[in-house]
Amino acid sequence: MRKSSWLALASSLALVLSGCATTASGPGSGTACAVIGAIAGGAAGGAAGGVDGKSERGMAIGAVGAILGGYIGNHLCYVNAEPTARISAEPTSGDAPLEVAFRGAGNDVDGRILSYQWDFGDGASSSEQHPTHTYSAAGSYTARLTVADDEEGIGSSEIQISVTDPPPPPPRRIVLRGVQFSFDSSAISDESEGILAVAVQTLMENPDVQIRISGHTDYTGPEAYNQKLSERRAQAVLDNLVAAGVDAGRLTAVGFGESQPIADNGTRDGRAQNRRVELNQR
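Using my numbering, the letters of the sequence shown correspond one by one to residues 1198 to 1479.
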């Protein structure tokens, strides 16, 4: 092939493919430019040969132009399509510590996904496709999944995770059933000292707990009398706990008389259950 023919071919290809590369973009642009380049290369080759299509030299130059045009067009105009990421999580909210199962997926129309990278928003990360992560502290977290394809393209997706503090534990209640008093007296019987010793030990093991001592009676006797009796007996238990070493500042005593039964006052066993002293956390 003469030098002038090569120059003509190269000039024609450069002119056509530069326009293609300028205007083409997105997935499939490389294929489109390859087709355009092949057509343009064949035409330019034929023109560079300076003869009609029946000339062997013109046909040869046209074939070379088509091959070169297709190859150059494909590589000049190729644009990698960025992959896309999809993310889901279960659950997305709850009390700490919250264990969340994440699921990730990626899609790449012109390649394949090579890697998954998770950022859980609390300083932790994972390279698994479907990881599980536990959030130990309350807060609002943005979990992000980033996927990468085989052409170094990346895509990402996010999801919000809301973590709350767990509710406080329910107030503790120590029921001192079996604490006996002499008739019409607030003096604690000797048989009841063992029961109170257990209460003292419990309070010593929980030094931050504040306690309300509640006295209760059955419905035998006048209501006003039972109210006063419940108050005296609650105070007697308070005095006993203080004498055993419990800080008096942690204790208060109150009587409820017969107003808060927990069993049937119509039976002997029910009345025995209602004659009680409770230690309630406050």
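Each residue gets a CB set at the ideal place from its N, CA and C atoms; glycine is no exception. Since the model is a prediction, treat every value here as computed from it, not as a measurement.
Worksheet entry | Burial state of residue 1423 (16 or more Cβ within 10 Å) | Locating residue 1423 in the sequence shown gives position 226, where the first residue counts as 1. Taking a 10 Å sphere around the C-beta of residue 1423, we find 16 or more other C-beta atoms and assign the residue as buried.
Worksheet item: Touch check for the region 1330 to 1343 and the region 1391 to 1402: three-plus C-beta pairs under 8 Å?
Response: no
Discussion item. Since residue 1410 and residue 1478 should fall inside the 8 Å C-beta cutoff, what is the C-beta to C-beta distance between them, to a whole number of angstroms?
Written reply: Residue numbering aside, residue 1410 sits at position 213 when the sequence shown is read from its first letter. Residue numbering aside, residue 1478 sits at position 281 when the sequence shown is read from its first letter. The Cβ separation is near 11 Å, so there is no contact.
Practice prompt. Note down the Cα distance separating residue 1429 from residue 1390, rounded to an integer number of angstroms.
Written response: If you number the sequence shown from 1, residue 1429 lands on position 232. If you number the sequence shown from 1, residue 1390 lands on position 193. Residue 1429 and residue 1390: Cα-Cα distance of roughly 17 Å.
Item to complete: Pull up the distance between the alpha-carbon of residue 1474 and that of residue 1415, whole angstroms please.
Response: What you label residue 1474 is simply residue 277 of the sequence shown in a count that begins at 1. What you label residue 1415 is simply residue 218 of the sequence shown in a count that begins at 1. Cα to Cα, residue 1474 sits roughly 12 Å from residue 1415.
Worksheet item: DSSP on residue 1296, reduced to helix/strand/coil?
Response: One-based indexing of the sequence shown puts residue 1296 at position 99. Of the three classes helix, strand and coil, the one that applies to residue 1296 here is strand, per DSSP.
Item to complete: Can you tell me which of 1436, 1324, 1461, 1356 puts its alpha carbon nearest to the alpha carbon of residue 1337?
Response: The residue labelled residue 1337 in the question sits at position 140 within the sequence shown. For the residues 1436, 1324, 1461, 1356, the minimum Cα distance to residue 1337 belongs to 1356.
Practice prompt. Please report the residue range of the alpha helix (DSSP H) in which residue 1422 lies.
Written response: Here residue 1422 corresponds to residue number 225 of the sequence shown, with the count starting at 1. Per DSSP, residue 1422 is one residue of the alpha helix (DSSP H) stretching across 1420 to 1440.
Item to complete: Grab me the residues of residue 1406's own chain with a C-beta within less than 6 Å of its C-beta, minus the 5 sequence neighbours each way, in chain order.
Response: Mapped onto the sequence shown, residue 1406 falls at position 209. Only 1478 meet the Cβ criterion.
Worksheet item: Can you give the beta carbon distance from residue 1277 to residue 1350, rounded, assuming they're within the 8 Å contact cut?
Response: Sequence index remark: in the sequence shown, residue 1277 carries index 80 (1-based). Sequence index remark: in the sequence shown, residue 1350 carries index 153 (1-based). Sure, about 5 Å apart at Cβ, within 8 Å.
Discussion item. Mapping the DSSP letters down to three states, classify residue 1249 as helix, strand or coil.
Written reply: Position 52 of the sequence shown, counting from 1, holds the residue named residue 1249. Its pLDDT being 46, under 50, residue 1249 is placed unreliably in this model, and the value from its coordinates should be taken loosely. Correct three-state label for residue 1249: coil.
Fill in: Per DSSP, cross-strand counterpart(s) of residue 1361
If you number the sequence shown from 1, residue 1361 lands on position 164. 1292.
Discussion item. Using 8 Å as the threshold, is the C-beta distance between residue 1312 and residue 1323 below it?
Written reply: Reading the sequence shown from its first residue, position 115 is the one you call residue 1312. Reading the sequence shown from its first residue, position 126 is the one you call residue 1323. Not closer than 8 Å, so no.
Worksheet item: According to DSSP, is residue 1279 helix, strand or coil?
Response: If you number the sequence shown from 1, residue 1279 lands on position 82. Correct three-state label for residue 1279: coil.
Item to complete: With a 10 Å radius around its C-beta and 16 neighbouring C-beta atoms as the bar for buried, classify residue 1318 as buried or exposed.
Response: Reading the sequence shown from its first residue, position 121 is the one you call residue 1318. By the 10 Å Cβ count, residue 1318 comes out buried.
Worksheet item: Using the beta-carbon count (16 or more within 10 Å), is residue 1303 buried or exposed?
Response: Reading the sequence shown from its first residue, position 106 is the one you call residue 1303. So residue 1303 ends up on the buried side.
Worksheet item: Below 8 Å between beta carbons: does that hold for residue 1343 and residue 1298?
Response: Here the question's residue 1343 lines up with position 146 in the sequence shown. Here the question's residue 1298 lines up with position 101 in the sequence shown. Contact: no.
Worksheet item: What's the call for residue 1471, buried or exposed, on a 16-neighbour Cβ count within 10 Å?
Response: Position 274 of the sequence shown holds residue 1471. So residue 1471 ends up on the buried side.
Fill in: Straight-line gap, residue 1454 to residue 1417 (C-alpha atoms, nearest Å)
In the sequence shown, the residue the question calls residue 1454 occupies position 257. In the sequence shown, the residue the question calls residue 1417 occupies position 220. Computed Cα separation, rounded: 10 Å.
Worksheet item: With respect to the alpha helix (DSSP H) encompassing residue 1394, which residues constitute its N-terminal and C-terminal limits?
Response: Sequence index remark: in the sequence shown, residue 1394 carries index 197 (1-based). 1390 to 1402 is the extent of the alpha helix (DSSP H) around residue 1394.
Fill in: residue 1470, enclosing alpha helix (DSSP H) - first and last residue
Here residue 1470 refers to the residue found at position 273 of the sequence shown. Note, residue 1470: alpha helix (DSSP H), 1465 to 1471.
Fill in: residue 1340, DSSP secondary structure in three states
Here residue 1340 corresponds to residue number 143 of the sequence shown, with the count starting at 1. Looking at residue 1340 - three-state DSSP - the assignment turns out to be strand.
Item to complete: Check residue 1479 in the structure and name its three-state DSSP category.
Response: Locating residue 1479 in the sequence shown gives position 282, where the first residue counts as 1. Residue 1479 carries a coil assignment under DSSP once its states are collapsed to helix, strand and coil.
Worksheet entry | Own chain partners of residue 1463 with C-beta closer than 7 Å, once the 5 adjacent residues on each side are dropped | Numbered from its first residue, the sequence shown carries residue 1463 at position 266. Result list for residue 1463: empty, nothing under 7 Å.
Fill in: Beta bridge counterpart(s) of residue 1314 as assigned by DSSP
Start at 1 with the first residue of the sequence shown, and residue 1314 comes out as number 117. In the DSSP output, where bridge partners are listed per residue, residue 1314 has 1343.
Item to complete: Please classify residue 1218: does DSSP put it in a helix, a strand, or coil?
Response: Walking along the sequence shown from the start, residue 1218 turns up at place 21. In this prediction, residue 1218 has a pLDDT of 47, which is less than 50 and means its spatial position is unreliable; nothing more can be read from the coordinates.
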